[in-house]
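K.L.:
One structure follows; several queries about it will come next.
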Amino acid sequence: MEQVNKNRLFLASCLALITTAMTFAIRARLETVFGPEGVGLTLEQLGYAFAPAFFGFTIAMLIGGPLVDLLGIKQISWMAFFTHAIGIVLTLMADSMTTLFVATLCIGIGNGFVEAALNPMVASMYPEQKTKMLNRFHVWFPGGIVIGSLIGWLTMDVMGLSWESMVATLFIPLVLYGVLFFGQKIPVTERVQLGISNKNMFKSVLQPLFLFMVFCMFLTAASELGTTQRIESLLKESVAAPLLVLAFINGIMALGRMFAGQVVHKLKPSGMLLYSAIFTFIGLWLLTITSGGMTFVAAAIFAVGVTFFWPTMLGFVAEYLPETGALGLSIMGGAGMFSVSIVLPIMGHLMDNASASEALRTMSLLPAILIVAFLGLNMYMKKQAKTSKA
Numbered sequence: 001m002e003q004v005n006k007n008r009l010f011l012a013s014c015l016a017l018i019t020t021a022m023t024f025a026i027r028a029r030l031e032t033v034f035g036p037e038g039v040g041l042t043l044e045q046l047g048y049a050f051a052p053a054f055f056g057f058t059i060a061m062l063i064g065g066p067l068v069d070l071l072g073i074k075q076i077s078w079m080a081f082f083t084h085a086i087g088i089v090l091t092l093m094a095d096s097m098t099t100l101f102v103a104t105l106c107i108g109i110g111n112g113f114v115e116a117a118l119n120p121m122v123a124s125m126y127p128e129q130k131t132k133m134l135n136r137f138h139v140w141f142p143g144g145i146v147i148g149s150l151i152g153w154l155t156m157d158v159m160g161l162s163w164e165s166m167v168a169t170l171f172i173p174l175v176l177y178g179v180l181f182f183g184q185k186i187p188v189t190e191r192v193q194l195g196i197s198n199k200n201m202f203k204s205v206l207q208p209l210f211l212f213m214v215f216c217m218f219l220t221a222a223s224e225l226g227t228t229q230r231i232e233s234l235l236k237e238s239v240a241a242p243l244l245v246l247a248f249i250n251g252i253m254a255l256g257r258m259f260a261g262q263v264v265h266k267l268k269p270s271g272m273l274l275y276s277a278i279f280t281f282i283g284l285w286l287l288t289i290t291s292g293g294m295t296f297v298a299a300a301i302f303a304v305g306v307t308f309f310w311p312t313m314l315g316f317v318a319e320y321l322p323e324t325g326a327l328g329l330s331i332m333g334g335a336g337m338f339s340v341s342i343v344l345p346i347m348g349h350l351m352d353n354a355s356a357s358e359a360l361r362t363m364s365l366l367p368a369i370l371i372v373a374f375l376g377l378n379m380y381m382k383k384q385a386k387t388s389k390a
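So, in structure tokens, the structure goes:
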């Protein structure tokens, strides 16, 4: 019987996530192409045009989550590949808010299918190291943003090439992950391995701890991705090349996630989340009052904060709520991206009518709420650990 090639599948998964992440960085650079100084869209209109990247992701996660168990990880992975391909082609053809909206929707759906299929695949391949390996997998979200940011800066700002040339580079990781997945045996999800029924899976996502984590996912994702997605507009008055700040932030995130295993061992997931919220709050607040070189200091603190948010939220659910299965991970990812689709137009409205500092100040309220929430979670998990030992 053909064996599962974990190394090849993990590499393919990382390249799929790089494709996803590069779309975030490249879309951030497209903000000036389609914005007031380019095609002529307002920042609020751009918020609506880019929002499908996030609610399209949510739709794909909520559809793909239950279908992962029904159709299999392989089929959902190929759905990601083809929707990615369509989205990239449509982006190259975009010339208005409507066409940009449709293209972004397709890419968002492709991104959602990547997470819907590959988060449970990584969890099922490494059942004893879920949080560690999910963090290692998610190294390539910030890693891909670094790659995309540098490509955007080099192609358009240094080499003076067209924005279409920048977007076309997305085909490179797309083709690579398609080739690596082709013909491979892919494992079933952990929920299927454990024999947990569909009824119990759907019932488990209604338990209070899971619903609490979904609420927190709204705030963690919005804090991270709402800020980084609009970095070009938020920091254009503070630094000469905001895209390099984006690369800097995500470089720190990639390094942090690479060594997440050691941090998990010391702090446990709930402790990691509490410290993350504290650093995120401080970083966002500092970004409202800094400029020039000090912007990078504030960005570094913010980066340390958001590094572990996304993968540790998923790791917590996979580790402590495994009965929620692929559906639970999909709901978490979908909730996170949906929250970003809500905050992008709000941020755009604030920047159009007030200032970037006001938008950042408003965003800093989210990690402030999370500090309180994760303090409570930390106390609850410590109490549960003592009860289980007694």
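Under the UniProt record's numbering, the first residue of the sequence shown carries the number 1, and numbering increases by one thereafter.
Positions of the beta carbon are idealized from the N, C-alpha and C atoms, including for glycine.
#1: Taking C-alpha atoms, which residue in G305, S238, Q184 lies nearest to G283?
#2: Measuring only the C-alpha atoms, how far is P242 from E232?
#3: Could you compute how far the alpha carbon of L314 sits from the alpha carbon of M294?
#4: Given a cut-off of 8 Å on the beta-carbon distance, is the pair T324 and F302 in contact?
#5: With a threshold of 16 other CB atoms inside 10 Å of the CB of M1, please say whether the residue is buried or exposed.
#6: Closest to G65 by C-alpha separation, out of S77, A116, A16, T20, would be which residue?
#7: For D352, report the span of its alpha helix (DSSP H) as first-last.
#8: Check the C-beta distance from V317 over to G328 and give it rounded, since I have them as a contact under 8 Å.
#9: So which of Q384, V175, H138 has the shortest CA-CA distance to T312?
#10: What are the complete alpha helix (DSSP H) segments, minimum 4 residues, inside the region 102-143?
#11: Comparing alpha-carbon positions, which option in T98, I88, V205 lies nearest G110?
#12: Across the region 66-73 and the region 356-366, are there enough close Cβ pairs to call them in contact, namely three or more that are closer than 8 Å?
#13: Buried or exposed for T20, please, with buried defined as at least 16 other CB atoms from any protein chain shown within 10 angstroms of its CB.
#14: Return the CA-CA distance between M93 and A25, expressed in angstroms with no decimal places.
#15: Report, in whole angstroms, the separation of the C-beta atoms of N5 and Q184, which I expect to be a contact under 8 Å.
#16: Rounded to a whole number of angstroms, what is the C-alpha to C-alpha distance between L15 and T155?
#17: If you draw a straight line from the alpha carbon of L211 to that of M217, how long is it in whole angstroms?
#18: State the DSSP-derived secondary structure class of Q384, mapped to helix, strand or coil.
#19: Contact between the region 165-179 and the region 40-56: three or more CB pairs below 8 Å?
#20: State buried or exposed for T387, treating a residue as buried only when at least 16 other CB atoms are found within 10 Å of its CB.
#21: So what's M1 in DSSP terms, helix, strand or just coil?
#22: Using CA coordinates, which residue listed in M79, W153, A385, V33 is at the minimum distance from A247?
#23: State yes or no: is the C-beta of F101 within less than 8 Å of the C-beta of A28?
#24: Would T104 and P52 be called neighbours here (beta carbons separated by less than 8 Å)?
#25: Determine, using beta carbons only, whether V340 and A254 come nearer to each other than 8 Å.
P.N.:
Considering the structure as presented:
#1: G305
#2: 5 Å
#3: 32 Å
#4: no
#5: Residue confidence for M1 is low, a pLDDT of 36 falling below 50, so the modelled location carries little weight; the figure read from the coordinates is stated next. It counts as exposed.
#6: A116
#7: 325-353
#8: 5 Å
#9: H138
#10: 130-137
#11: I88
#12: no
#13: buried
#14: 19 Å
#15: 6 Å
#16: 21 Å
#17: 10 Å
#18: helix
#19: no
#20: exposed
#21: Residue placement at M1 is flagged as unreliable, the pLDDT there being 36, under the threshold of 50; a coordinate-derived value is accordingly withheld.
#22: W153
#23: no
#24: yes
#25: no
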